[in-house]
Every structure is written in C-alpha cells, then in structure tokens.
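Notes follow the structure.
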Amino acid sequence: MRAALFLAAVPILCAAAPAGAEEAAWEALRRGGWVVFLRHALAPGTGDPPSFRLEDCTTQRNLSAEGRTQARGIGEAFRRRGIPVEKVFSSRFCRCQETAALAFGAFEPHPALDSFFAAPARENEQTEALRRLVAENPPGRGNLVLVTHQVNITAFTGVSPAAGEMVLAKLSAAGSIEGLLRLNPAGP
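Per my numbering, the sequence shown starts with residue -3, numbered consecutively.
What follows is the structure, encoded as structure tokens:
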C-alpha cells in the first residue's frame, strides 16, 4: 500500500516542484541502493536499419554529437554530486556502450540489456533475463547503473524515458518495485 502511494505521488511531486523533485532524486542516489535504468543518450531516429549487425557500429543508429555531449554531462552530474556507482552494465548496442563509456568509463556489456524493439515477441524473455541480471547484482551502498533502451526500461518499470533520462528503481529483496523516481540530468 505504501509503495502504491509513493508511486502515485511521484508524478505529482515532479509536476508541483520540478527543481525540488530533481534534488530529492539526486539525494536518493547519494544514499545508494538504487537500480538506475539509463536510456542511452540522443541517437536520432527510431530502431535500427534492417541490415544492422550488433558487431558493426556502422550498421547501427549511433549517438549524435549532441548525444555524446549529453552522455559526458550525465557522468559529470554523477561525479559533481558524489553519486556512488557500484557497477555499470550496458546493452551491447553501440549507442549504449558509447553512452556508458562517456558517462562512467568502465562498464560491462550484457545481452539482457539489448533492445527487443525489432523483435517484440522477445519482450518477456528479455525482461526476465534483465530481472535475473538485477537479482545477481543487487545494489548495496552504491547504485547499479544499467544503460539500455526505451523498450527495455518500459517493460521493466512501466515508464517511457526520453534519451538520456534515468528511471531510478528501488527494489524489494524479492525483486519487485517498491519505488520509482525519474531524473533527466540533461533535461530542462
């Protein structure tokens, strides 16, 4: 019941006091224990070309110059605020790996974070793999950062983030969502 009230209050809090809500989200991250779902930075377009190959970045939709600046800004926002990061995982797609590298430096690619946009029938399988990844790497004193795609974040949290936006999830020991916050370091 408390979680439902918390989740219902988040949009109201964000609408009523954007600056206050943003600072509250950063403060929550400073305390650690969150799973941070970060949608890759700005990569113009939708999906990937039909001839795309995971191992060849030239066949994929990639970060724009603005997206690279956005990714560096996300990392700077974490460092400036002293946000503890325990581990960073990234989708194997180039735009996610570049976002992770520019923002955080070290990261580990993981297939559970790969987009299923072109194969929607894989949503349940992919989301279950993501749940296992989170269960195997629970955040402790720091935060677990997952750089991924809109479809993956929406399937896990129900939230559809903008490019470079973060959805912060507080999970129970059983893996269910107890609280959600949204944070867009590059937003208005």
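Ideal placement from N, C-alpha and C gives every residue a C-beta, glycine not left out.
Judged by DSSP secondary structure, Thr144 falls outside any alpha helix (DSSP H) and instead within the beta strand (DSSP E) spanning Asn139 to Thr144. Comparing alpha carbon positions, the residue from Ala169, Leu177, Leu140 and Phe113 closest to Val147 is Phe113. Cα atoms of Ala97 and Phe103: separation of roughly 7 Å, rounded to the nearest angstrom.
Annotation for Ala165: the continuous beta strand (DSSP E) segment containing it runs Met162 to Leu167.
Between the alpha carbons of Glu62 and Gly41 lies a gap of roughly 14 Å. Beta-bridge pairing by DSSP links Ser156 to no other residue. Cβ contact annotation for Thr123 (same chain, cutoff 8 Å, sequence separation greater than five): Asn148, Ala151 and Phe152, in chain order. Rounded to whole angstroms, the separation of the alpha carbons of Ile173 and Ala125 is 16 Å.
With 16 or more neighbouring CB atoms inside 10 Å of its own CB, Arg35 falls in the buried class.
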